[in-house]
Structure formats: structure tokens, C-alpha cells
Amino acid sequence: MATMLGLILSLVSAVIFGLNSVVMRRGLIIGDVYPSVLISLLFAIPYTIAVSFLTGEVWTLTNLSIMATIYFIIAGISNFLVVRYLIYMAIKLAGATVTIPIVSCDTLITVFLGIVLLGEEFSYKLIVAAMLVVVGIVLVTSKNAHAEGEYGSFTNFKQGILYATLAMLGLSISSITVRLGVLETNSPSLGLLISNFFALITCSVFLTFPKYKEEVLGINVKAKQYFLLGAFLVTTGQLTRYVALAYVPVSLASPVINTYPLFTLILSYIFNRKIEAFNWKVLVGTPLVVIAIILAFF
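In our numbering, the protein residues as written are 261 to 558.
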């Protein structure tokens, strides 16, 4: 029963992450990246406090171990600040249908790191998975994979791919860190609160720089609406992910969660057809990446 619940929550998380990518694509076309990250973190604090009270996890704060706190802090700053910034930059520059398949490959990187660094079991399926990923990524990042949209061409397409690749590498340690923290406390909403809190503190430091302060003060009203909706979605998605990892191991949750590129593709076609890349390369490359990730675990 617990395993089934964990897998269902993982799937819900995947759908939410896919929808968030679609919403953020619309907002980032007319807005800047830093305010979008800041808004998502500001929104997450009261949201996760409320959830922590509802679940009663807030009362376990004094029982939180030092190691669990460290794991959640690392996950917060690395994932919710640095990686989120990189992902949003990539979505702004290259589009969600190109960015998300690249970022989702972090799971495969994690598996290979486990083999190289931890001596985990090697499988020939990993070779097939790696080949599928290479083919899929080559397709979605090829010269003709992007297209003109009503908001203009993707002039910084290659730079967007670079940001997506860096985000993928950063995410490769995120699931492990979250899992370690949740296992220490079994308090996913409290862990999410701690992660967001320290990410917000770090993010707020950049307000001392005139460039980022001006971006926040001059934010487009329409962009702000998209960012607020995106903040709700990404926080809900992360909370669902944290809870899922409390019920099932990373090896079961991650493949399901990483089907979100498919949901990004489907939802982008429904809502963002005019401002995203849709051709045979993207439509073939994205499923190949998802199949590779699932194959790596099973």
C-alpha cells in the first residue's frame, strides 16, 4: 500500500512539474528569471508552514537531527535556488520542450555516479539507456529543433542548452540529498520548509545588487501572475516529491517523476503551441529520453 501511494504521488509530481514548465515559459518570455525564483521561494514559505501545521510535522522541529538539517539546507540552496535559476534561464532562452528533456537526464547521471563512486551493480541496460539519451538529446538540441514563435526566435538557443545541461548536473545529487534528509526525520513538509527557507535567505542576498533589485521593482504585472501560479505549482510538486520519497526509494520514485518531460510536451502542445518547438525531432527525442531513464532503473 505504501509503495503504491509513493508511486501515485510520484506521478502526480510529474504532472505538476510538467504544468509548471508550461506556465513558466509564458511568464519568462515577458519577465526576468531572478524575480521568478524569488517569488517562488517567497510563496513557498507560508505554503509549507501551513502544510507543516496541518500535518503536525512542525512540532517535530526540535527533534530534527543536525544531519537532516544539513541535507535539507544543501538540497534547498542547490536545487531550489541554483538549479531552479538555471532551469528558468534555459526555459526563457530555449523553451520548455527543449530544456526539460535535457534536465530530466539527471537521473541517469545519478545511476552512473552510483556505479563509479559507490560500486553499485552495472547493467548492460545502462549502455542502451545511455545511447537512447544521446540520440534523444541530439534530436531535441539540433539546429532545426527550435522554431519561430509569436514572441520571436530563440536567439540564445545554444546558451539555453548550456544552462539546461548545468541544471541537469546539479540535479543529479538532489534526489539523494532529499532522500537522506527524509529518512533522517520522516517529515517531508518540514524538510521542504527548511530547504525553501535557506534558499530564500541566499536568494535575498542578491537584492543588494542594483541589477536584481531593478528586475524585482520593474516586474511585468502579467509575468508576476504567471510566476505566482508557477510558484504554487513548483512548491506543490516539490512537496509531493518529498512525500513520495518518504514512502518509496529514489530508485522507484525518480523514474516516475522523470516522466514529466512527456507531460511538458503534451501540455505545451495544448497551451503553448505557438511559442514552443514542435517538430518530429522534439516529438521523437523527448520520449527516447524518458524511455532511457525508465530503462536505467528497470
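We put the CB at the ideal spot given by N, CA and C, even for glycine.
If you're wondering where the values come from, they're calculated on a predicted model, not measured in any experiment.
query: With C-beta atoms as the reference, is VAL343 less than 7 Å away from ALA427?
result: Indexing the sequence shown from 1 puts residue 343 at position 83. Indexing the sequence shown from 1 puts residue 427 at position 167. Against a cut-off of 7 Å, the Cβ pair of ALA427 and VAL343 comes out as a contact.
query: From ARG533 to SER455, what distance separates their C-alpha atoms?
result: Along the sequence shown, read from residue 1 onward, the residue named residue 533 stands at position 273. Along the sequence shown, read from residue 1 onward, the residue named residue 455 stands at position 195. Their Cα atoms are separated by approximately 34 Å.
- prompt: Does DSSP put ALA537 in a helix, a strand or coil?
  reply: Position 277 of the sequence shown, counting from 1, holds the residue named residue 537. DSSP places ALA537 in coil when its eight states are reduced to three.
- prompt: Between which two residues does the alpha helix (DSSP H) containing MET448 stretch?
  reply: Your numbering for residue 448 matches position 188 in the sequence shown. Note that residue 448 corresponds to Pro in the displayed sequence, not to Met. Bounds of the alpha helix (DSSP H) holding PRO448 are 448-464.
query: When the Cα of LEU489 is compared with those of LEU271, GLY266, ARG286, LEU269, which residue comes out closest?
result: Locating residue 489 in the sequence shown gives position 229, where the first residue counts as 1. Here the closest residue by C-alpha is ARG286.
- request: Decide yes or no for the touch test of the region 301-318 against the region 443-458: beta carbon pairs closer than 8 Å, at least 3 of them.
  value: Yes, the region 301-318 is in contact with the region 443-458.
message: Please tell me whether PRO361 and THR546 are closer than 7 Å, where the distance is taken between their beta carbons.
response: Counted from its first residue, the sequence shown places residue 361 at position 101. Counted from its first residue, the sequence shown places residue 546 at position 286. Here PRO361 is near THR546, since their CB atoms are less than 7 Å apart.
- request: Assuming SER528 contacts VAL282 (C-beta within less than 8 Å), just tell me the rounded distance between them.
  value: Locating residue 528 in the sequence shown gives position 268, where the first residue counts as 1. Locating residue 282 in the sequence shown gives position 22, where the first residue counts as 1. Confirmed, about 5 Å.
field: Rounded C-alpha distance that separates VAL376 from ILE351
entry: The count along the sequence shown starts at 1 and reaches residue 376 at position 116. The count along the sequence shown starts at 1 and reaches residue 351 at position 91. Note on geometry: alpha-carbon atoms of VAL376 and ILE351 lie some 31 Å from one another.
Pairwise C-alpha distance: LYS385 and LEU555: Counting from 1 along the sequence shown, the entry for residue 555 is found at position 295. Counting from 1 along the sequence shown, the entry for residue 385 is found at position 125. Approximately 7 Å, taken between the alpha carbons.
- request: Out of ASN323, ALA262, ASN280, state which residue places its alpha-carbon closest to the alpha-carbon of GLU444.
  value: The residue labelled residue 444 in the question sits at position 184 within the sequence shown. Ranking ASN323, ALA262, ASN280 by Cα distance to GLU444 puts ASN323 first.
Chain-order list of residues whose beta-carbon lies under 8 Å from that of SER434 (same chain, five-residue window excluded): Locating residue 434 in the sequence shown gives position 174, counting from the first residue. Once the five neighbours on either side are set aside, the close Cβ partners of SER434 are ALA335, SER338, ASN339, VAL343, ASP366.
query: Start and end of the alpha helix (DSSP H) containing GLU475?
result: Within the sequence shown, numbered from 1, the residue matching residue 475 stands at position 215. DSSP places GLU475 in the uninterrupted alpha helix (DSSP H) bounded by 470-477.
- prompt: Cβ of LEU269 within 7 Å of Cβ of VAL503?
  reply: As a working mapping, residue 269 is identified with position 9 in the sequence shown. As a working mapping, residue 503 is identified with position 243 in the sequence shown. For the 7 Å CB-CB criterion, LEU269 and VAL503 form a contact.
query: Would you say GLU536 and TYR294 are within 7 Å of each other, going by their C-beta atoms?
result: In the sequence shown, counting from the first residue as 1, residue 536 sits at position 276. In the sequence shown, counting from the first residue as 1, residue 294 sits at position 34. Taking C-beta atoms as the reference points, GLU536 and TYR294 fail to come closer than 7 Å.
- request: Using beta-carbon positions only, say whether VAL371 and VAL400 come within less than 7 Å of one another.
  value: Here residue 371 refers to the residue found at position 111 of the sequence shown. Here residue 400 refers to the residue found at position 140 of the sequence shown. Their beta carbons are not under 7 Å apart, which means VAL371 does not touch VAL400 by this criterion.
Contacts around GLU410, its chain only, beta-carbon distance under 7 Å, and the 5 residues preceding and following it disregarded: The sequence position of residue 410 within the sequence shown is 150, counting from 1. Here GLU410 scores only 46 on pLDDT, less than 50, and its place in the model is too uncertain to base an answer on.
- prompt: Quick one: Cα of LEU440 to Cα of VAL388, how far?
  reply: Taking the sequence shown and counting its residues from 1, the one referred to as residue 440 is at position 180. Taking the sequence shown and counting its residues from 1, the one referred to as residue 388 is at position 128. Each residue's Cα considered, the two are about 29 Å apart.
Neighbourhood of THR524 by C-beta, 7 Å cutoff - its chain only, sequence neighbours within 5 removed: Start at 1 with the first residue of the sequence shown, and residue 524 comes out as number 264. Counting only Cβ-Cβ distances below 7 Å, and skipping sequence neighbours, we find GLY278, SER281, VAL282, ALA356, THR357, ILE360.
Endpoints, alpha helix (DSSP H) assigned at GLY278: For the purposes of this step, residue 278 is taken as the residue at position 18 of the sequence shown. GLY278 -> alpha helix (DSSP H) spans 262-290.
task: Please name the residue, chosen from MET264, ASP292, MET261, that lies closest to VAL481 on a Cα-to-Cα basis.
output: Against the sequence shown, residue 481 aligns to sequence position 221. It is ASP292 whose Cα lies nearest to the Cα of VAL481.
- prompt: Would LEU314 be called buried (16 or more neighbouring beta carbons within 10 Å of its own) or exposed?
  reply: Your numbering for residue 314 matches position 54 in the sequence shown. With fewer than 16 Cβ atoms within 10 Å of its Cβ, LEU314 is classed as exposed.
query: Could you give the residue range of the alpha helix (DSSP H) that holds ILE337?
result: In the sequence shown, the residue the question calls residue 337 occupies position 77. Careful: ILE337 lies outside any alpha helix (DSSP H) and carries neither H nor E.
- request: Assign VAL398 to buried or exposed, taking buried as 16 or more other Cβ atoms, counted over all protein chains shown, within 10 Å of its Cβ.
  value: Taking the first residue of the sequence shown as position 1, residue 398 is located at position 138. VAL398 counts as exposed, since fewer than 16 other C-beta atoms from the protein chains shown sit within 10 angstroms of its C-beta.
message: Taking 8 Å as the limit between beta carbons, can you name the residues of its chain near LYS473, skipping five residues before and five after?
response: Within the sequence shown, residue 473 is the residue found at index 213, counting from 1. Counting only Cβ-Cβ distances below 8 Å, and skipping sequence neighbours, we find LEU467.
- request: In angstroms with no decimal places, state the Cα-to-Cα distance between ILE479 and PHE487.
  value: Residue 479 sits at position 219 when you count from the first residue of the sequence shown. Residue 487 sits at position 227 when you count from the first residue of the sequence shown. For ILE479 and PHE487, the distance between alpha carbons rounds to 10 Å.
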